[in-house]
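There are 2 protein chains.
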Amino acid sequence: MAIILGIDPGSVKTGFGIIKVDGNRHEYVTSGVIRLPITEDLPARLKVIHDSLQEIIQTYSPRFVAVEQVFMAKSAGSALKLGQARGAAIVACVTSGLEVAEYSALQIKQAVVGTGAAKKEQVQHMVKVLLKLPAVPQEDAADALGAAICHANTRSGLLNLSGVTSIRRGRMR
Amino acid sequence: MAIILGIDPGSVKTGFGIIKVDGNRHEYVTSGVIRLPITEDLPARLKVIHDSLQEIIQTYSPRFVAVEQVFMAKSAGSALKLGQARGAAIVACVTSGLEVAEYSALQIKQAVVGTGAAKKEQVQHMVKVLLKLPAVPQEDAADALGAAICHANTRSGLLNLSGVTSIRRGRMR
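Read top to bottom, the protein sequences are chains A and B.
Whatever position you read off the first sequence (first residue = 1), add 8 for the numbering used here.
Whatever position you read off the second sequence (first residue = 1), add 8 for the numbering used here.
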């Protein structure tokens with residue numbers, strides 16, 4: 009049994025989702041969105057991401073963290089903001105002693121829907137189905153849960169969950 | 009008397025510089041460059057930035073932190089990497105209870121050289137002169153020291169140093 013935290017970092021909202029994995033069974037634990045105080049300055053906003061995630065980590069004690077990898081952003085400006093949010097989120101996890109695995113959007117779509125060409129709505133729908141949720145979770149929370157499901161479903165993830173080996177970045181060591 | 013930490017975050021090297029300010033007197037304390045292990049994955053690299061800066065903060069107990077503000081990067085890819093490094097660096101400071109002020113390159117050049125049109129080499133030269141250094145410091149360290157000098161020299165910075173008021177983002181509160 010392993011608890012996985014998925015994170016979808018963003019400069020306005022950061023989604024998170026926690027699932028419990030036991031063999032092939034995925035169980036929903038919690039999910040939500042950390043809304044950043046847009047009236048505050050950058051350091052204060054990054055502190056909110058960091059502190060909120062550390063609180064979530066302390067409360068639910070996940071063993072693994074999965075974050076969506078970003079290859080391209082719309083513009084240099086939005087990439088900088090997204091990068092700052094990712095940096096704050098990842099630091100919150102590594103300073104808590106957690107291993108952080110990054111998965112591409114393609115890997116997450118493949119793991120959740122079965123095809124890398126899946127649309128956002130299909131990912132959200134399958135997250136609802138796979139975790140037996142009463143309704144489709146909020147977009148950022150669904151993306152975070154998708155990353156967590158991806159970590160559980162990838163071969164390396166499964167190996168790691170069963171304690172066969174340790175992984176980082178989805179690769180076996 | 010106040011100790012100011014200047015940081016020049018980067019995804020390959022992160023410069024830092026510490027100065028001691030007493031009225032109009034600036035005294036060099038230390039500076040250097042945190043080199044990131046490029047063979048490691050992103051979470052491990054961000055942890056190096058975070059942990060190194062927290063160690064520096066614990067060792068020198070700065071009261072203020074100044075970071076160069078970034079408006080534009082060369083590309084979305086480099087902006088994302090820079091953003092992640094900035095996020096890790098800023099989180100290391102705010103979780104240590106420090107206020108982080110951001111200054112534009114223009115503000116730093118004006119504060120150090122006296123003109124916003126100054127070239128990089130002029131900033132480095134003036135950092136050497138102002139801090140009475142035997143040689144020009146390494147580029148990233150010089151930029152970090154420049155940010156620290158800028159914080160000390162700005163009106164809001166001076167007000168803050170003398171305990172008249174508290175500032176954030178260079179604005180009086």
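For each residue, glycine too, the CB sits at the ideal point set by N, CA and C.
All values reported here derive from a predicted model rather than from experimental measurement.
By DSSP's criteria, residue i is part of a beta bridge. Which residues make up the other side?
i	result
Phe24(B)	Ile15(B) and Gly40(B)
Phe72(A)	Ile12(A) and Glu107(A)
Val29(A)	Ala10(A) and His34(A)
9 Å is my cut-off, CB to CB: does residue i come that close to chain A?
i	result
Ile65(B)	no
Cys158(B)	no
Phe72(B)	no
His58(B)	yes
Ile15(B)	no
Ile11(B)	no
Val102(B)	yes
Gly18(B)	no
Val144(B)	no
Buried or exposed for residue i, please, with buried defined as at least 16 other CB atoms from any protein chain shown within 10 angstroms of its CB.
i	result
Val137(A)	exposed
Met9(B)	exposed
Gln66(A)	exposed
Ser39(B)	buried
Thr173(A)	Reliability fails at Thr173(A), whose pLDDT of 40 lies under 50, so the model's placement of it is uncertain and no value is given.
Ala113(B)	buried
Thr47(B)	exposed
Pro3(A)	Because residue 3(A) is not part of the residues shown, which for chain A are 9 to 181, the question remains open.
Glu110(B)	buried
Gly23(A)	buried
Val20(B)	exposed
Asp30(B)	exposed
Ala84(A)	buried
Thr123(B)	exposed
Pro70(A)	buried
Ala143(B)	exposed
Phe72(A)	buried
Lys140(B)	exposed
Lys82(A)	exposed
Determine, for residue i, whether the minimum Cβ-Cβ distance to residues of chain B falls below 9 Å.
i	result
Asp148(A)	no
Val137(A)	no
Ile42(A)	no
Thr162(A)	no
Glu76(A)	no
Val99(A)	yes
ask   = Using a Cβ cut-off of 9 Å, which residues of the region 82-95 of chain B contact any Cβ in chain A, in chain order?
value = Residues of the region 82-95 of chain B whose Cβ lies closer than 9 Å to any Cβ of chain A, in chain order: Lys82, Ser83, Ala84, Gly85, Ser86, Ala87, Leu88, Lys89, Leu90, Gly91, Gln92, Ala93, Arg94 and Gly95.
query = Of all the residues that make up the region 44-56 of chain B, which are near chain A by a beta-carbon distance shorter than 8 Å?
reply = Those residues of the region 44-56 of chain B placed with their C-beta closer than 8 Å to a C-beta in chain A are Asp49, Leu50, Pro51, Ala52, Leu54 and Lys55, ordered along the chain.
ask   = Any residues in the region 23-40 of chain A with a beta carbon nearer than 8 Å to a beta carbon of chain B? Which ones, in chain order?
value = Those would be none; no residue qualifies.
Segment contact flag, the region 84-97 of chain A with the region 84-96 of chain B, C-beta cutoff 8 Å, min 3 pairs = Below 8 Å, enough C-beta pairs join the region 84-97 of chain A and the region 84-96 of chain B to call them touching: three or more.
message = Is it the case that the region 144-155 of chain A contacts the region 14-32 of chain A, given that we only count it when at least three CB pairs across the two stretches are under 8 Å?
response = Contact holds: three or more Cβ-Cβ distances are below 8 Å.
query = Would the region 122-134 of chain A and the region 51-68 of chain A be scored as touching if the rule is three or more Cβ pairs under 8 Å?
reply = Between the region 122-134 of chain A and the region 51-68 of chain A there are fewer than three inter-stretch CB-CB distances shorter than 8 Å, so the stretches are not counted as touching.
task = Select from the region 105-120 of chain A all residues with a C-beta closer than 8 Å to any C-beta belonging to chain B, and list them in chain order.
result = Answer in chain order: Glu107, Val108 and Glu110.
query = Within the chosen definition, does the region 54-73 of chain A reach the region 54-63 of chain B through at least 3 CB pairs nearer than 8 Å?
reply = Pairwise C-beta distances place the region 54-73 of chain A out of contact with the region 54-63 of chain B, as fewer than three of them are shorter than 8 Å.
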